[in-house]
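Each protein sequence line maps, in turn, to chains G and R. Using numbering that gives the first Met the number 0, the first residue of the first sequence is number 0, and each one after it goes up by one. Using numbering that gives the first Met the number 0, the first residue of the second sequence is number 0, and each one after it goes up by one. All C-beta atoms in this analysis are idealised placements derived from N, C-alpha and C, irrespective of residue type, glycine included.
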Amino acid sequence: MSRRVTESVFLSGEYKSRERASNKALILGGDEYGIRIAELLTREGVPSTVLIGPDETPPKDSRVEIIQGSILSSSGFIGNFDVCIQESNDHYERKFGFIIAAQPAFRASKNRLFSLSDSENVWSLSAFRKHLDSGGRLPERKGPWLHIAFFFDLKGASEISQFEELLSILDRLEAFDQVQSYVFANNLKVSSEGLDAWYRDHRRRGVVFFKFDSDDPQISFRNKELVIEFVEPLLKEEMELTPDLIVLDEILGPSPSIRPILEMIPSWPSSAPYLQPESTRFNGVETQKAGVFAVGPARGVFDQRSLRADIEAARVSILQALPELSSLIVKETAFIDRNKCTFCLTCVRLCPHGAIGFDFRPEVDPMSCKSCGVCVVECPMSAIEIRPANAEMIEESKTAPLKLFVCSHSGLQAVSKINSNFLTDVEIIPLPCAGSISPNMMLKALQEGAKGIVVAGCFKGNCASIYGSTLADSRVAQMVQTFQSVRMDKVKIEFVYLAGNTPDRIVDAITRMKK
Amino acid sequence: MSKINLNELDPEFKHQVAEQPGGEGLKACFACKACTAACPVQPLEKRYDPRKIIRMVLLGMKKEVLESDFIWLCSSCYNCQEVCPQNVRFTEVIYAIKNLAAKEACVPPGLTAQRSLLKKHGRLYEVGEFENEKRLKFGLPVIAEHPEDFDALLPDQNSQQTNESNVTT
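Structure (structure tokens):
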């Protein structure tokens, strides 16, 4: 096995570049935060460079290297990122081992989503805060009260930092008399230190919060005035409000200036808003791409304590990766057989970890590969191989009437909690990820005499390969449909979503099979 | 039912209730419905829903709350107060609301009738000669009515009567 991996390393030319692996980090933006992160990392033995935008002013005295420019392109893998940087009229390529995004999210107005145009009555959260900070005034009251409506987390998720901003606006509004604020919200984001108390405080002082699960409030024009119509979620009664001001929160997205970096991260358009993977299997600052981190402002973290924790998390990840980078890796990875490969690039497209690059031919980066097996199944030429960690177990018993394919992340954990007597006639086949189940494996199991097949993968949002279990689910559904279309109704195949603490889902599925 | 216009409600109302003795906990409510679930009145009379009453107060539906008859349905069993995780003390809150309603002269006729009985006889049940004769037969002391005891508590005023028509039971 180790021979094969070594071979793949040699074939892809990675071995040579491994020796040249860089321990430098590139920090992208983030104003004073970026500089702070760079200083801390440099002190910890990770020489860091900060890249700031062409129109930003560089700090006068900093102990780290600062480049003023923009990224033209970026490629490579952990330890070996080639970043092309445009600096004034010059552009050049530089090698970095790690990339850390630290700039705050880009904000886009939600006006269009509510069919509103910018006017003196419609503000965005950040603009309204700036307006109040600079001593701006509120419009004249039409009645005894000035009604201000805030929209939060409606038509697109909002973040903790935006809720903090909303609360600080409410703080500032205390200075004005006879102001009644209403907050129309889906979910309030209070999971940061002191936020819940701050929010309760505003409730006590009289801010009215509406929480909508569905049936969002509608904004319409009536007699040239904005009217909010909604069904009060608790009283279930129709209500309306003609506010003097509407303040909308904004859509957060990764800053466009780091687009080349984003393009290296698989499926980044869906990983809104802060480059965070849609799975709980990644630690806070990791992105789907090994070696690329989102720290502090880039993931909505601004307070000093959490920021320090973020930097620490990134530092630990980098320091853990460094020794591996300088040695020859002997772990299981995907191996592409270059004689079979037809350069369709299905693997490059589908790898959930961005571990397969293309340099004249698809090549697997051994450091980034999590051996999930998604590419193995999807390759139309069957040119990719990984040996599953517990492959021997498949060989052992071929007579069990039920086959249970489980993901090694949560599936095996769940199986370990099931009474072994219950599993006597069940063969357990661990997979690196449920996403590596192939139609062939299922057919082979049936050929060997299996009466039923259960495939178990992590819940959505918990899959270590982001969409591995979703892929497995659809493949099983496809199999079931195929068998039904040829009237082979007796074949029982089922997919179950589970977590390590829900073994009952497997028990239920097996009980159904046994019937 | 027609739409409720928030602009016409009274944002001051929640503060007004919270300023009453006992009403302090009102704004801590996070609408968990524990009070409604524990209330023995609510299953019999759906309109009496502690959670909804709090919400109506918070929204400023002053008229709807104070002129309603349902706020008078509370049996003062204190179940809601016992179960509340937010220490809202709803029984006290509903007293505060009732006190405000009384100040605004929104009292249901039943209570007004009780008041006039109290004022006239000094007690809720009139004790006449018939009752006293019976008591004597059983060797019980005669009861004398002392309506004057309540003069200080229940001053003469006709405002209750004038507003009675607003309240329906």
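Inter-residue spacing [alpha-carbon to alpha-carbon] between residue i and residue j
{"i": "Glu13 of chain G", "j": "Glu158 of chain G", "result": "Here the model assigns Glu13 of chain G a pLDDT of 43, short of 50, so the residue's position is not dependable, and the following value carries that caveat. Between Glu13 of chain G and Glu158 of chain G, the C-alpha separation is close to 40 Å."}
{"i": "Phe458 of chain G", "j": "Lys416 of chain G", "result": "18 Å"}
{"i": "Pro232 of chain G", "j": "Cys38 of chain R", "result": "21 Å"}
{"i": "Glu103 of chain R", "j": "Glu66 of chain R", "result": "9 Å"}
{"i": "Ser245 of chain G", "j": "Val16 of chain R", "result": "Note that residue 245 of chain G is Ile in the sequence shown, not Ser. Going by the C-alpha atoms only, they are around 28 Å apart."}
{"i": "His146 of chain G", "j": "Leu187 of chain G", "result": "20 Å"}
{"i": "Ala498 of chain G", "j": "Val315 of chain G", "result": "27 Å"}
{"i": "Phe421 of chain G", "j": "Ile77 of chain G", "result": "44 Å"}
{"i": "Leu40 of chain G", "j": "Ile310 of chain G", "result": "8 Å"}
{"i": "His201 of chain G", "j": "Arg114 of chain R", "result": "41 Å"}
{"i": "Arg50 of chain R", "j": "Cys31 of chain R", "result": "8 Å"}
{"i": "Lys129 of chain G", "j": "Leu169 of chain G", "result": "13 Å"}
{"i": "Ser133 of chain G", "j": "Gln177 of chain G", "result": "21 Å"}
{"i": "Glu86 of chain G", "j": "Ser123 of chain G", "result": "33 Å"}
{"i": "Ile218 of chain G", "j": "Ile227 of chain G", "result": "5 Å"}
Contact under 8 Å by Cβ, residue i with residue j
{"i": "Ser180 of chain G", "j": "Phe149 of chain G", "result": "yes"}
{"i": "Gly434 of chain G", "j": "Ala471 of chain G", "result": "yes"}
{"i": "Ser367 of chain G", "j": "Gly353 of chain G", "result": "yes"}
{"i": "Tyr496 of chain G", "j": "Gly456 of chain G", "result": "yes"}
{"i": "Gly252 of chain G", "j": "Ala104 of chain G", "result": "yes"}
{"i": "Ile34 of chain G", "j": "Ser61 of chain G", "result": "yes"}
{"i": "Asn79 of chain G", "j": "Pro46 of chain G", "result": "no"}
{"i": "Ser73 of chain G", "j": "Ile260 of chain G", "result": "yes"}
{"i": "Val373 of chain G", "j": "Gly283 of chain G", "result": "no"}
{"i": "Thr332 of chain G", "j": "Val363 of chain G", "result": "yes"}
{"i": "Gly155 of chain G", "j": "Lys109 of chain G", "result": "yes"}
{"i": "Glu44 of chain R", "j": "Leu72 of chain R", "result": "yes"}
{"i": "Leu153 of chain G", "j": "Asp243 of chain G", "result": "no"}
Beta strand (DSSP E) segment containing residue i, residue limits
{"i": "Pro361 of chain G", "result": "360-363"}
{"i": "Glu519 of chain G", "result": "Because chain G spans 0 through 514 in this model, residue 519 of chain G falls outside it and cannot be assessed."}
{"i": "Cys83 of chain G", "result": "79-86"}
{"i": "Pro429 of chain G", "result": "425-430"}
{"i": "Ala293 of chain G", "result": "291-293"}
{"i": "Cys457 of chain G", "result": "451-457"}
{"i": "Gln102 of chain G", "result": "Segment: none, Gln102 of chain G is in no beta strand (DSSP E) and carries neither H nor E."}
{"i": "Gly252 of chain G", "result": "250-252"}
{"i": "Phe29 of chain R", "result": "No beta strand (DSSP E) contains Phe29 of chain R, which DSSP labels as neither H nor E."}
{"i": "Ala184 of chain G", "result": "178-184"}
{"i": "Ile51 of chain G", "result": "47-51"}
{"i": "Tyr496 of chain G", "result": "491-497"}
Enclosing alpha helix (DSSP H) for residue i [first to last residue]
{"i": "Gly33 of chain G", "result": "30-42"}
{"i": "Tyr198 of chain G", "result": "194-203"}
{"i": "Gln446 of chain G", "result": "438-446"}
{"i": "Arg128 of chain G", "result": "124-132"}
{"i": "Asp243 of chain G", "result": "Counting along the chain, Asp243 of chain G falls outside any alpha helix (DSSP H), and DSSP gives it neither H nor E."}
is_contact[residue i, chain G] using C-beta, thresh 8 Å
{"i": "Arg88 of chain R", "result": "no"}
{"i": "Lys13 of chain R", "result": "yes"}
{"i": "Ile96 of chain R", "result": "no"}
{"i": "Ile93 of chain R", "result": "no"}
{"i": "Ala30 of chain R", "result": "yes"}
{"i": "Ile52 of chain R", "result": "no"}
{"i": "Lys170 of chain R", "result": "What the structure shows of chain R is the stretch from 0 to 168, and residue 170 of chain R is not part of that stretch, so it cannot be assessed."}
{"i": "Lys62 of chain R", "result": "no"}
{"i": "Leu5 of chain R", "result": "yes"}
Residue i classed as buried or exposed, judged by whether at least 16 other C-beta atoms fall within 10 angstroms
{"i": "Gln102 of chain G", "result": "buried"}
{"i": "Glu249 of chain G", "result": "buried"}
{"i": "Met487 of chain G", "result": "exposed"}
{"i": "Ile393 of chain G", "result": "Confidence at Ile393 of chain G is low in this model, with a pLDDT of 45, below 50, so its placement is unreliable and the value that follows should be read with caution. Looking at its Cβ environment, which holds 16 or more other Cβ atoms inside 10 Å, Ile393 of chain G is buried."}
{"i": "Ile198 of chain G", "result": "Before going on, a small fix: residue 198 of chain G reads as Tyr here, not Ile. Under this definition Tyr198 of chain G is a buried residue."}
{"i": "Asn78 of chain R", "result": "buried"}
{"i": "Glu128 of chain R", "result": "exposed"}
{"i": "Lys491 of chain G", "result": "buried"}
{"i": "Phe162 of chain G", "result": "buried"}
{"i": "Leu152 of chain R", "result": "exposed"}
{"i": "Thr510 of chain G", "result": "exposed"}
{"i": "Tyr47 of chain R", "result": "buried"}
Cutoff 8 Å: residue i Cβ touching any chain R Cβ
{"i": "Arg140 of chain G", "result": "no"}
{"i": "Ile217 of chain G", "result": "Before going further, note that residue 217 of chain G is Gln rather than Ile in the sequence given. False, the Cβ-Cβ gap to chain R never drops below 8 Å."}
{"i": "Arg280 of chain G", "result": "no"}
{"i": "Trp144 of chain G", "result": "yes"}
{"i": "Met366 of chain G", "result": "no"}
{"i": "Gly205 of chain G", "result": "yes"}
{"i": "Met512 of chain G", "result": "no"}
heavy atom of the ligand SAH below 7 Å from residue i C-beta
{"i": "Thr341 of chain G", "result": "The ligand content of the structure shown is nil, which means the ligand SAH is not present either."}
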